[in-house]
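Asker: I'd like to ask you about the structure that follows.
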């Protein structure tokens, strides 16, 4: 499979603190890649670098398929290349309705001009219709069709997570970055999320997932990359990673010293 | 949204017809006050785009008003009426663009302070650039030429023209609000980082909001200059900016009917109170201050709040997010 995203020798320093150190990885088209590691390992920082919220200190991030280097682009331009994300602390537009949240996600996918908006031209009407129909479809996909006009902040937690995913999908992404999508969910919600992620995969969207729920990660991932102190310490299939000595050490500390 | 319901449309239609009939029924004094309501409507609705739709707390809004008025005062002998109006709007919008572009990356209180500074700088320029603005004495005798039978020195015509401008602006604002641009503004107001991650060009949309707001203020400035036939720097000071902010806040930040109501209240109230308190004028600022504090304490969403936005003052749980934000913004500005 071709590479969708390539990260080369990426580093990110905050003053004297190195959050990511010389990190490289490839993400193949269509796979689900999980990013795991102890708290503070630099997983979210990596997401912020990829999506343009942080500017990396060194290294490059590229989309080989597009021939584009994205490490210096502002977030909205990265998004327009088809990289959508969700956030660790849910960041919905709290006072906008569920439907409007998803419509915001599709902002750059319609091209009506100011004049189209003022005069309600054919172009405006058809764009609004298309984008609303698509938003409805997505909301059905994440099982929120009955809440269209509820303000996002009124939704229960699990639904907010799913709405955030719907908003990200409205961008028509080629790569979806999910930052702890299962955090705070109960077992049945997590199962539902797993199904959702598989469905997204089947629609051809590549996904990178940060997650702490190990059973979930092992079940869902095609590949796992393990970060610790900003460095990659292991990479491979779930089975390989599970038995990797360095990974076990990072999570549980070193084994008893036999003398 | 109010205008979408037939009830809302009915109220707007009644208001418009009443305003249309007013110059034929009322005397000169009433017409003068009604003209001021309309001029302030242009200002408050314009500021509402900036503060209400986009969430940018701008405190120097009277500067754009002043630029519109002074452009009118300086150019009226040279330009035909449509060009004069266009240049008042364009002058204010350009000024909005150049003062906005460098500062719009600031947020919240910082933006408020910087725009306040800009407002004061503008007032001082108007006051001290004698060669251009005639200094503190101001410019008098602003009588634009008759254009195709339209004579704006006639108070009735000026009033009706201003009414048409306000109606057009209200229409445009609803159109904008119910479009992807309106949604994007709200998104920026709610969460800039999430908005950017949705592919929204934050900077561009903030500047657009500033431009539209400034343009409306410029138009307000034009009507002010024509209505008074006189402009001086003191009409465009900090008091004026605060008054416009009050109109927006009291009516309901972001809500078009709310801001219209707020403007009515704050223009009409001083007139009604004129004969009490031995001249209300001297207590004006005190009154606005108390009013603002009371609104913030008891009804922060305003009298006629924007739908789906019951309280802009954020709940305490969002503190974590703000902390995260401040890190990110420090990061981006490095």
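Chains as they are written, first to last, in the numbering used here: chain D, 1 to 259; chain C, 260 to 593.
C-beta: ideal position from N, C-alpha, C; glycine also.
These numbers were taken from a predicted model, which means no experiment stands behind them.
Secondary structure at residue 24 (chain D), three-state DSSP: helix, strand or coil?
Answerer: Reduced to three states, the DSSP call for residue 24 (chain D) is strand.
Asker: If we call anything under 8 Å between Cβ atoms a contact, is residue 248 (chain D) one with residue 236 (chain D)?
Answerer: Contact: no.
Asker: Once DSSP output is grouped into helix, strand and coil, what is the label at residue 59 (chain D)?
Answerer: Three-state DSSP puts residue 59 (chain D) in a strand.
Asker: Going by beta carbon distance, what residues of the same chain come within less than 8 Å of residue 301 (chain C), once the five residues before and after it are set aside?
Answerer: Counting only Cβ-Cβ distances below 8 Å, and skipping sequence neighbours, we find 421, 424, 425, 428, 475, 476, 478, 479 and 482.
Asker: Kindly indicate which residue of D:127, D:50, D:10 and D:12 has the alpha-carbon position closest to the one of residue 209 (chain D).
Answerer: Nearest option by C-alpha distance: D:50.
Asker: Please classify residue 381 (chain C): does DSSP put it in a helix, a strand, or coil?
Answerer: Three-state result, residue 381 (chain C): helix.
Asker: Does residue 442 (chain C) pass the burial test, meaning 16 or more other C-beta atoms within 10 Å, or should it be called exposed?
Answerer: With 16 or more Cβ atoms within 10 Å of its Cβ, residue 442 (chain C) is classed as buried.
Asker: What are the start and end residues of the beta strand (DSSP E) that includes residue 232 (chain D)?
Answerer: Note, residue 232 (chain D): beta strand (DSSP E), 231-236.
Asker: Please list the partners that residue 558 (chain C) has in chain D, where partner means a Cβ-to-Cβ separation under 9 Å.
Answerer: The premise fails here: residue 558 (chain C) is roughly 17 Å from chain D at the closest Cβ pair, so nothing lies under 9 Å.
Asker: Answer with yes or no whether the minimum CB distance from residue 434 (chain C) to chain D is below 8 Å.
Answerer: Residue 434 (chain C) counts as touching chain D.
Asker: Tell me which same chain residues have a C-beta within less than 8 Å of the C-beta of residue 68 (chain D), skipping the five on either side of it?
Answerer: Result list for residue 68 (chain D): 62 and 81, in chain order.
Asker: Apart from the five residues on each side of it in sequence, which residues of its chain come closer than 7 Å, Cβ to Cβ, to residue 409 (chain C)?
Answerer: 340 and 416.
Asker: Nearest to residue 346 (chain C) by alpha carbon, out of C:463, C:329 and C:299?
Answerer: Answer by Cα proximity: C:329.
Asker: Does any residue of chain C bring its CB to less than 8 Å from the CB of residue 161 (chain D)?
Answerer: Chain C, which has no Cβ nearer than 8 Å to the Cβ of residue 161 (chain D), makes this no.
Asker: Hey, quick one: how far does the alpha helix (DSSP H) through residue 328 (chain C) stretch, first residue to last?
Answerer: Per DSSP, residue 328 (chain C) belongs to the alpha helix (DSSP H) from 321-334.
Asker: Is DSSP giving residue 207 (chain D) helix, strand or coil here?
Answerer: Of the three classes helix, strand and coil, the one that applies to residue 207 (chain D) here is strand, per DSSP.
Asker: Given that a residue counts as buried once 16 or more other Cβ atoms are within 10 Å of its Cβ, and exposed if not, what is residue 38 (chain D)?
Answerer: The residue is exposed, with fewer than 16 neighbouring Cβ atoms inside 10 Å.
Asker: Are the CB atoms of residue 327 (chain C) and residue 243 (chain C) within a distance shorter than 8 Å?
Answerer: With chain C covering 260 to 593 only, the question about residue 243 (chain C) has no answer from this structure.
Asker: State the beta-bridge partners of residue 78 (chain D) as determined by DSSP.
Answerer: According to DSSP, residue 78 (chain D) bridges with nothing at all.
Asker: Under the assumption that residue 440 (chain C) contacts residue 117 (chain D) (Cβ atoms under 8 Å), give the Cβ distance between them as a whole number of angstroms.
Answerer: About 6 Å separates the two Cβ atoms, so the contact holds.
Asker: Could you tell me if residue 571 (chain C) is buried or exposed, where buried requires 16 or more neighbouring beta carbons within 10 angstroms of its beta carbon?
Answerer: The pLDDT assigned to residue 571 (chain C) is 41, lower than 50, so where the model puts this residue is not dependable, and the model offers no usable value.
Asker: Could you tell me whether the stretch 331-339 of chain C touches the stretch 271-281 of chain C, where touching means 3 or more Cβ pairs closer than 8 Å?
Answerer: These segments do not touch.
Asker: Measuring alpha carbon to alpha carbon, tell me which residue in D:58, D:88 and D:44 is nearest residue 227 (chain D).
Answerer: Considering only alpha carbons, the answer is D:44.
Asker: Please give the ranges of any alpha helix (DSSP H) in the stretch 117-171 of chain D, keeping only runs that are unbroken, at least 4 residues long and fully inside the region.
Answerer: Those alpha helix (DSSP H) runs which fall completely within the stretch 117-171 of chain D and span 4+ residues are 122-141 and 157-170.
Asker: Any idea which residues DSSP pairs residue 10 (chain D) with across the strands?
Answerer: Note: residue 10 (chain D) sits in a beta bridge opposite D:23.
Asker: Ignore the nearest five residues each way along the sequence and tell me which others in residue 105 (chain D)'s own chain have a CB closer than 6 Å to its CB.
Answerer: Counting only Cβ-Cβ distances below 6 Å, and skipping sequence neighbours, we find 167, 170 and 171.
Asker: Along the chain, where does the alpha helix (DSSP H) containing residue 303 (chain C) start, and where does it finish?
Answerer: Residue 303 (chain C) -> alpha helix (DSSP H) spans 287-306.
Asker: For residue 152 (chain D) versus residue 101 (chain D), is the C-beta distance shorter than 8 Å?
Answerer: Result yes, Cβ atoms of residue 152 (chain D) and residue 101 (chain D) sit closer than 8 Å.
Asker: Would you kindly report the start and end of the unbroken beta strand (DSSP E) that includes residue 228 (chain D)?
Answerer: Segment 223-228, the beta strand (DSSP E) holding residue 228 (chain D).
Asker: Does residue 117 (chain D) get closer than 8 Å to chain C when you measure Cβ to Cβ?
Answerer: Answer yes: the Cβ-Cβ gap between residue 117 (chain D) and chain C drops below 8 Å somewhere.
Asker: Checking contacts by CB at 8 Å: is residue 105 (chain D) closer than that to chain C?
Answerer: With 8 Å as the cut-off, residue 105 (chain D) counts as an interface residue toward chain C.
Asker: Determine whether the beta carbon atoms of residue 161 (chain D) and residue 70 (chain D) lie at a separation below 8 Å.
Answerer: Result no, Cβ atoms of residue 161 (chain D) and residue 70 (chain D) do not sit closer than 8 Å.
Asker: Among C:337, C:348 and C:313, whose alpha-carbon lies nearest the alpha-carbon of residue 363 (chain C)?
Answerer: Of the candidates C:337, C:348 and C:313, the one whose C-alpha sits nearest the C-alpha of residue 363 (chain C) is C:313.
Asker: Look up residue 86 (chain D) in the DSSP assignment and give the residues it is bridged to.
Answerer: DSSP output for residue 86 (chain D) lists no bridge partner at all.
Asker: With which residues is residue 409 (chain C) paired in a DSSP beta bridge?
Answerer: According to DSSP, residue 409 (chain C) bridges with C:406.
Asker: Is it buried or exposed for residue 262 (chain C), if we count other Cβ within 10 angstroms and need 16 for buried?
Answerer: The predicted model places residue 262 (chain C) with a pLDDT of 49, which falls under 50 and marks its position as unreliable, so this point remains unresolved.
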